[in-house]
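Be aware that the sequence shown starts at 1, since it is given in the UniProt record's numbering, and climbs by one per residue.
The beta-carbon is built from N, C-alpha and C at its ideal position, and this holds for glycine as well.
Predicted, not measured: the structure shown is a model, and the values here were computed from it.
Each remark here refers to the structure printed beneath this line.
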Amino acid sequence: MIQFCQADRSEFMLKQTPDLKPSGAEGASKPTLRALFESEETALLRYAFSLTGRRAVAEEIVQDVFLQLHARWEDVENPSAWLYRSVRNRAFSYLRHLKRESLHTDDGKPPSAYGETGYGDTPDESPEEMLLRMEAVAALRQSMQELDPTDRQLVKLKYFENLSYSDISAQTGLSIGNVGYRLHHILKKLAGKLRPLGIDGKS
Numbered sequence: 001m002i003q004f005c006q007a008d009r010s011e012f013m014l015k016q017t018p019d020l021k022p023s024g025a026e027g028a029s030k031p032t033l034r035a036l037f038e039s040e041e042t043a044l045l046r047y048a049f050s051l052t053g054r055r056a057v058a059e060e061i062v063q064d065v066f067l068q069l070h071a072r073w074e075d076v077e078n079p080s081a082w083l084y085r086s087v088r089n090r091a092f093s094y095l096r097h098l099k100r101e102s103l104h105t106d107d108g109k110p111p112s113a114y115g116e117t118g119y120g121d122t123p124d125e126s127p128e129e130m131l132l133r134m135e136a137v138a139a140l141r142q143s144m145q146e147l148d149p150t151d152r153q154l155v156k157l158k159y160f161e162n163l164s165y166s167d168i169s170a171q172t173g174l175s176i177g178n179v180g181y182r183l184h185h186i187l188k189k190l191a192g193k194l195r196p197l198g199i200d201g202k203s
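Okay, structure coming up:
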């Protein structure tokens with residue numbers, strides 16, 4: 001699991017993030033900017049890292065999109081969706097730049113060969129491979145959003161939090177057999193959505 005040591009940066013950002021409240025009829029459902037930052041920052045960092053493979057870049061992207069959201073707060077109807085879309089777009093721009101510039105060290109090896117990319121990245125991953133990984137993660141996330149809330153929770157508990165069927169059963173109230181049955185069909189559904197995009201669910 002990715003761990004970000006971000007206490008100082010988060011405190012700095014929170015001081016700069018006013019408790020902006022939504023105006024108009026949307027006020028009942030739109031969270032404050034501060035509440036959004038506190039609830040979404042860690043997930044956004046992990047999402048940005050999964051796309052770029054670089055911790056420092058992920059932190060910069062997330063900080064920038066929150067500052068952009070601050071500036072455009074009144075115009076954004078769904079700030080959570082806007083944040084994830086903006087992170088994805090910024091990560092895509094970063095990887096395109098990386099591919100275009102072909103950043104290499106003096107001996108011709110990419111920086112990732114020296115472990116400079118953060119946690120959990122693939123050492124010799126090329127910009128093209130990073131782009132493919134980013135597209136796969138983005139496609140999976142979009143497909144996840146199309147699941148009903150219960151199915152989405154099951155996938156997160158099993159494959160993101162690595163819980164056992166019995167632990168998932170205890171958390172959701174579903175029987176262990178029902179958990180396994182539903183996960184089997186959820187995976188088939190996700191594979192069916194991803195395969196037309198050229199993403200092999202077996203890899």
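Report, in whole angstroms, the separation of the C-beta atoms of residue i and residue j, which I expect to be a contact under 8 Å.
i           : j           : result
residue 44  : residue 83  : 6 Å
residue 186 : residue 147 : 7 Å
residue 85  : residue 51  : The Cβ separation is near 12 Å, so there is no contact.
residue 41  : residue 62  : 7 Å
residue 180 : residue 159 : At roughly 13 Å, the Cβ-Cβ gap does not stay under 8 Å, so residue 180 and residue 159 are not in contact.
By how many angstroms is the C-alpha of residue j removed from the C-alpha of residue i?
i           : j           : result
residue 176 : residue 142 : 27 Å
residue 60  : residue 189 : 35 Å
residue 170 : residue 71  : 43 Å
residue 174 : residue 193 : 25 Å
residue 47  : residue 66  : 14 Å
residue 150 : residue 191 : 18 Å
residue 49  : residue 90  : 12 Å
residue 12  : residue 161 : Model confidence at residue 12 stands at a pLDDT of 43, short of 50, so the residue's coordinates are unreliable and nothing is read from them.
residue 64  : residue 178 : 43 Å
residue 75  : residue 31  : 14 Å
residue 168 : residue 69  : 35 Å
residue 79  : residue 97  : 27 Å
residue 172 : residue 39  : 22 Å
Using only alpha-carbon positions, find the residue among the options that is nearest to residue i.
i           : options              : result
residue 53  : 159, 193, 92 and 37  : 92
residue 73  : 180, 36, 184 and 172 : 36
residue 58  : 77, 180, 95 and 167  : 95
residue 163 : 183, 39 and 144      : 183
residue 81  : 97, 56 and 145       : 145
Would you check if there are 3 or more beta carbon pairs closer than 8 Å linking the stretch 92-101 to the stretch 149-163? No, because fewer than three Cβ pairs between the stretch 92-101 and the stretch 149-163 fall closer than 8 Å, the two stretches do not touch.
Unbroken stretches of the alpha helix (DSSP H), 4 residues or longer, contained in the UniProt domain "RNA polymerase sigma-70 region 2" (36-100): Qualifying alpha helix (DSSP H) stretches, in chain order: 55-72.
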